[in-house]
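Asker: The structure's right below; bear with me while I get my questions together.
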Amino acid sequence: MSNSHLFLKPAFITTPGQNGVGRYVCQLQRVVLKFCKSHGASRGMREFIESDLINFVKNSPEVAVYLKPRRHRSPIIKAEYLNGETQWINASNFTQEEVLKWLFLVKSQASNRTGIRLRKLLHTDHPSIQGPWTPYLFRDPKLNLTTFPNEELSQADVQDETATVKLLKLFQLQKIEDLNEKRAE
1 MSNSHLFLKP AFITTPGQNG VGRYVCQLQR VVLKFCKSHG ASRGMREFIE SDLINFVKNS
61 PEVAVYLKPR RHRSPIIKAE YLNGETQWIN ASNFTQEEVL KWLFLVKSQA SNRTGIRLRK
121 LLHTDHPSIQ GPWTPYLFRD PKLNLTTFPN EELSQADVQD ETATVKLLKL FQLQKIEDLN
181 EKRAE
């Protein structure tokens, strides 16, 4: 193991570490489309706004999309993520399809930071062949094809007694035993 990691600035992943465990959280918070109403380089952006913007917004309601017209400036896609980072993409002379592809790219990636090195002070020459553990490892495969909410699965998880009821019963039994001991004395 080399000691080169000792001279690196420590970095931490600022996105939720278990994204996808409970539910997926899109890391893209907001997109600002800056364009000019008359500039030639903004033609693809204007075509995208006129035809594909409504479909993009309907398909991704978790992302706030803002339009900002500017005079005589080149078009820009500004992506803001949940971890506070911002990514700027110069969309000059982009076609309508290229704007849509870039929007899907910024939506699907975690942030613009690439190559975060995490400190790992342990090293092994023989990594595990079992693979990483996931919370879905021992789940029933029929859950993959089930539509939720499902009454059958909801009823299977219902318990007869809650923990509070069990504790109250134990407390009552303890009281009865204490009374029996006092009577016996």
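full-length UniProt numbering puts the first residue of the sequence shown at 1, with every later residue one more than the last. Positions of the beta carbon are idealized from the N, C-alpha and C atoms, including for glycine. Computed from a predicted structure; not experimentally measured.
Bridge partners for K34 per DSSP, in chain order?
Answerer: Here the question's residue 34 lines up with position 34 in the sequence shown. Partner(s): K68 and I76.
Asker: Could you check which residue in H72, Q96 and V31 has the C-alpha nearest to that of residue 203?
Answerer: No information on residue 203 is available, as it lies outside the stretch 1 to 185 that the chain covers here.
Asker: So the beta strand (DSSP E) N90 belongs to, where does it begin and stop?
Answerer: Stepping through the sequence shown from its first residue, residue 90 is reached at position 90. Looking at the DSSP string, the run of the beta strand (DSSP E) that includes N90 is T86 to N90.
Asker: Give the range of the alpha helix (DSSP H) segment to which Q174 is assigned.
Answerer: Indexing the sequence shown from 1 puts residue 174 at position 174. Where Q174 is concerned, the enclosing alpha helix (DSSP H) stretches over A163 to A184.
Asker: Would you call the stretch 135 to 142 in contact with the stretch 46 to 61, where contact means no fewer than 3 C-beta pairs closer than 8 Å?
Answerer: no
Asker: Would you kindly work out how many angstroms separate the C-alpha atoms of V25 and Q172, rounded to a whole number?
Answerer: The residue labelled residue 25 in the question sits at position 25 within the sequence shown. The residue labelled residue 172 in the question sits at position 172 within the sequence shown. Taking the straight line joining both Cα atoms gives about 46 Å.
Asker: Q109 and Q27: beta carbons closer than 9 Å?
Answerer: Numbered from its first residue, the sequence shown carries residue 109 at position 109. Numbered from its first residue, the sequence shown carries residue 27 at position 27. Taking 9 Å as the Cβ cut-off, Q109 and Q27 qualify as a contacting pair.
Asker: Just tell me which of V65, E97, L82 and K78 has its CA closest to the CA of N90.
Answerer: As a working mapping, residue 90 is identified with position 90 in the sequence shown. Nearest to N90 by C-alpha distance, out of V65, E97, L82 and K78, is K78.
Asker: Assign S38 to one of two classes, buried (16 or more other C-beta atoms within 10 Å of its C-beta) or exposed (fewer than that).
Answerer: In the sequence shown, residue 38 corresponds to position 38, counting from 1. It is exposed - the Cβ of S38 has fewer than 16 other Cβ atoms within 10 Å.
Asker: Does DSSP put Q96 in a helix, in a strand, or in coil?
Answerer: Within the sequence shown, the letter at position 96 stands for residue 96. Three-state result, Q96: helix.
Asker: Over the uninterrupted alpha helix (DSSP H) stretch that includes V25, give me the two end residues.
Answerer: Along the sequence shown, read from residue 1 onward, the residue named residue 25 stands at position 25. Premise fails: V25 is in no alpha helix (DSSP H) and is neither H nor E.
Asker: Quick one: what does DSSP say Q130 is sitting in, helix, strand or coil?
Answerer: Sequence index remark: in the sequence shown, residue 130 carries index 130 (1-based). Q130 falls in the coil class under three-state DSSP.
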